[in-house]
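Numbering (full-length UniProt numbering), first residue to last: 1 to 1062.
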């Protein structure tokens, strides 16, 4: 349990960092830099070097033996990826900057730096105040007013309560403002009445403290997930919580007595033990050994842009920032460079955006690719360079700059063959993969020379290298280019439709042919034009990828959601914004994650809601850039439709109460909070909003409203909760997006983030969150009875006792109640999994049978095995239809079972209600009629008899329910058995049919092979006859002898031919 044993420890700050080191700062002065604002640290040639000639002379930069690069340190900070500040330092000693850069970046990348507790952020305020001292070494009161500007009078009152000076020109001695005094100041400035109410409801009445027994009960009931198993996750015991009291209780006497005061309760709820985030999810906790197609991959679109898509600045720095933020797929729009240098460039074609050199972008990627994550990086090339010379130069830059990081050959265990899955992220640690069009043929000699390390000279390459068909080697199925088909499709569209399609795709549809040098770099990410889901399933090639605009992808997922999910299980897809988003806005990625799309590329320079959601989700799993998809989106035996209402394995219900806020705004304004759920389309109500606060109070606003209930979250692994605080006029304050599976139940402080997902020091919300399993209202009573029958019948017994007490009679002996028994059809009954289509090579061998016969003259076709026959398309189609029939039969049985249970649930409820009504009627009659005759009394219903009647009725209904369930199960299983027998017969018939077809094909192949062999034999024998005759003519000049010898040779040739053919 996290409250007792936190999973993560705060980042370690090494001693030499605290003591400091002598540096020269050669640009503008600054005061304090928050560690959360640091984005990168750089040393050596990657650090910023002064351009001013005077500074260069001071540091001897132009001196040949200068050691300046060994002393440089650049710290990059900023509120987002675009607005960056470079802080440059020069140490007095060599390699000091390197140590500082590594250890500072390690602190920045620690998960608790961004997900610290509420109290850690409050501590930052005290540290900052103590660092901003005046000339006398004191804390100016003016700084405290600037730190808490919302209400100056409240700040003055809080300072007075701590016996501190409160004048604007006054100053406070740091020794008079230690941590306990600072806590008292905060308690007076921001009182917490809502926590006082929580404290009062969980401690002894009339006692100003909470004992450790009560604190343990509070932790187990409120701060612990009720779904946890007590054996695996033991509840907190009183002796265990003593350490928490010692940590947070300000009074020493209370600590000795094991008691917690209301103030101690406030700091306990602000501590790291009550973080709203499940901290273990921030670590690398997922399985990273599955194929690449089983992961969501953090992806960027037009990574080089810093603003809009039509005009703006392009910068190599954006590649660094995207990769440092965890992005694992960046995009490079490559265009032909102009003379005389002819250096390839990166820009957004046909727009007014600036250009950057391709080489500069590659160097930036090489420097930052694996600085924060070692998992593979994918470079998505949009290649418009139609010059073979410049393409060769691009390939050479990739090889020389990336070096061993570049993956140029497929792994031995994962060849580029149909049916072979992609390698895992773990297999590709530290590797860079190229996504670029692959030419239809690659010269084997050229590849071998590149493997041996021979450099390509771009200057001598003017034309594409001609390829001889005999010299080619097979390097996997190539990415097809289908210009004729594409032209044919465009011919069927009118001019407006063509323009619209081109505007949606942008320049992505204008890529040029990839020449040999670039093609040789492509392996596992080969882009092709998407044809259909059926064709992709038939080809079964996991190493090809198709890209879709958001509009095309939305059209596919709305029409073919199940097929889209199956496609993404096998191979990857990339979604990118439509070309008309000139402002670099983003689409919502959730809808494409719901069908398993791996690369949902967004514009990283725009921090809108889609980008906020993307950054919030990929912050988990060690911020490695890869998130394992739900098993429904990975397993071939699971079929998932995001628009379906089918039951999931895990469905949760969530309840969120917004209780209060702390330091929400720098102004005294009214505020409100919005809560939104991102998930599947069939989830329940998605959006809620609190009312505006009654007063303009942004320091500690309170909301006393009903809880926000998300009754049914179908697949919590795909759902996330967004909480946003707003000012009255609609000004953004802060937000937080948290995955549902990473949330803790209980009372928590939610520290808000900026629009760029940066932690905000001051604003926070205090909430109560409850997560539990979803149970439909109609089944609530029945669920209690089945899960805990003793408790259910005890409640009935108590009801009976109350009825008997109402009549003044003592209850009789306790009766034995039979326990409830659950009956139902097993979920696994009758389910059949389709054999994987990528597990056998027999079908592929048969498809290539004619080619094998042509190459291997005397080879006989192998006998088809049963497994190979079962992999054929027609048999798989039969299995798919049969599986659908069994699934429909299962659904029909489940529906009948639910209807039966619903029927008896109503009968149970009616019986209990009728019993209760009869007893109440009897009580009212006895109150009104004080005098009744003995006969009248005899005719009135006795409450005890009513209760016993109700019990008998319930017992009868229970027995009938059990019998009906047994009959229903028997009928269902009989139907399943008959259907399976029918399916087995169909399968045998189909196997025999396929075997006959296979036999016929093999016979035809043998016949063709025999005819071909006979022709070859005749040719060889004829050639031998001609050679013998020619030798005879050279050896003898006697014509008579020549004629006799020719006749003998011809006769022997005829006999040899006949003998050989027989």
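Note that CB positions come from ideal geometry on N, CA and C, so glycine has one too.
Measuring alpha carbon to alpha carbon, tell me which residue in the options is nearest residue i.
| i | options | result |
| --- | --- | --- |
| residue 330 | 659, 274, 342 and 602 | 602 |
| residue 906 | 236, 1006, 235 and 958 | 958 |
| residue 730 | 672, 751 and 698 | 672 |
| residue 535 | 964, 36 and 564 | 564 |
| residue 339 | 322, 389 and 533 | 389 |
| residue 186 | 122, 151 and 245 | 122 |
| residue 212 | 261, 180, 134 and 737 | 261 |
| residue 374 | 421, 435, 312 and 284 | 284 |
| residue 895 | 874, 962, 969 and 910 | 969 |
| residue 669 | 725, 275, 431 and 296 | 725 |
| residue 515 | 950, 692, 422 and 393 | 393 |
| residue 182 | 1043, 387 and 155 | 155 |
| residue 266 | 320, 257, 209 and 1014 | 209 |
Suppose contacts are defined by Cβ-Cβ distances below 9 Å. Is residue i in contact with residue j by that definition?
| i | j | result |
| --- | --- | --- |
| residue 305 | residue 353 | yes |
| residue 869 | residue 986 | no |
| residue 572 | residue 538 | no |
| residue 633 | residue 569 | yes |
| residue 734 | residue 752 | yes |
| residue 235 | residue 702 | no |
| residue 165 | residue 172 | yes |
| residue 547 | residue 222 | no |
| residue 707 | residue 761 | no |
| residue 1130 | residue 741 | Past the boundaries of the shown model lies residue 1130; the chain is included only from 1 to 1062, so the question cannot be answered. |
| residue 124 | residue 34 | yes |
| residue 1087 | residue 723 | Past the edges of the chain, shown from 1 to 1062, lies residue 1087, and the structure says nothing about it. |
| residue 772 | residue 652 | yes |
| residue 364 | residue 377 | no |
| residue 422 | residue 542 | yes |
| residue 276 | residue 386 | no |
Name, in chain order, the residues that DSSP records as bridge partners for residue i.
| i | result |
| --- | --- |
| residue 594 | For residue 594, which the question treats as bridged, DSSP gives no partner whatsoever. |
| residue 672 | 726 |
| residue 965 | According to DSSP, residue 965 bridges with nothing at all. |
| residue 743 | 277 |
| residue 877 | For residue 877, which the question treats as bridged, DSSP gives no partner whatsoever. |
| residue 88 | 74 |
| residue 314 | 305 |
| residue 661 | 765 |
| residue 751 | 764 |
| residue 236 | Partner(s): none; residue 236 has no beta bridge. |
| residue 687 | 676 |
Which same chain residues, not among the five before or five after residue i, have their C-beta less than 6 Å away from its C-beta?
| i | result |
| --- | --- |
| residue 360 | 316 |
| residue 1059 | none |
| residue 576 | 301 and 601 |
| residue 15 | none |
| residue 518 | 391, 395 and 436 |
Could you tell me whether any non-hydrogen atom of the ligand HEM is closer than 8 Å to the CB of residue i?
| i | result |
| --- | --- |
| residue 867 | Among the components modelled here there is no ligand, and therefore nothing to report on the ligand HEM. |
By Cβ distance below 7 Å, which residues in the same chain neighbour residue i in space, the five residues on each side in sequence not counted?
| i | result |
| --- | --- |
| residue 241 | 212, 215, 216 and 219 |
| residue 348 | 302, 305, 309 and 333 |
| residue 468 | A caution first: residue 468 carries a pLDDT of 36, below 50, which makes its placement in the model too unreliable to give a value. |
| residue 1020 | none |
| residue 608 | 585 and 586 |
| residue 1096 | Given a span of 1 to 1062 for the chain in the structure shown, any question on residue 1096 remains unanswerable. |
| residue 1078 | As shown, the chain starts at 1 and ends at 1062. That puts residue 1078 outside it, with no answer to give. |
| residue 625 | 297, 298, 326, 327, 328, 373, 375 and 618 |
Taking 8 Å as the limit between beta carbons, can you name the residues of its chain near residue i, skipping five residues before and five after?
| i | result |
| --- | --- |
| residue 1046 | 1029 and 1032 |
Which full runs of the beta strand (DSSP E) of 3+ residues lie inside the region 325-394, going along the chain?
329-335 and 377-383
If you scan the region 253-312 from start to end, which runs of the beta strand (DSSP E) of 3 or more residues do you find wholly inside it?
295-297
Report the start-end ranges of each beta strand (DSSP E) in the UniProt domain "PI-PLC Y-box" (518-634) that is 3 residues or longer and not cut off at the edges.
544-549, 572-576 and 626-628
Give, in chain order, every unbroken run of the alpha helix (DSSP H) that is at least 4 residues long and sits entirely within the region 180-214.
193-200
Could you tell me which whole beta strand (DSSP E) segments of length 3 or greater appear in the region 964-998?
none
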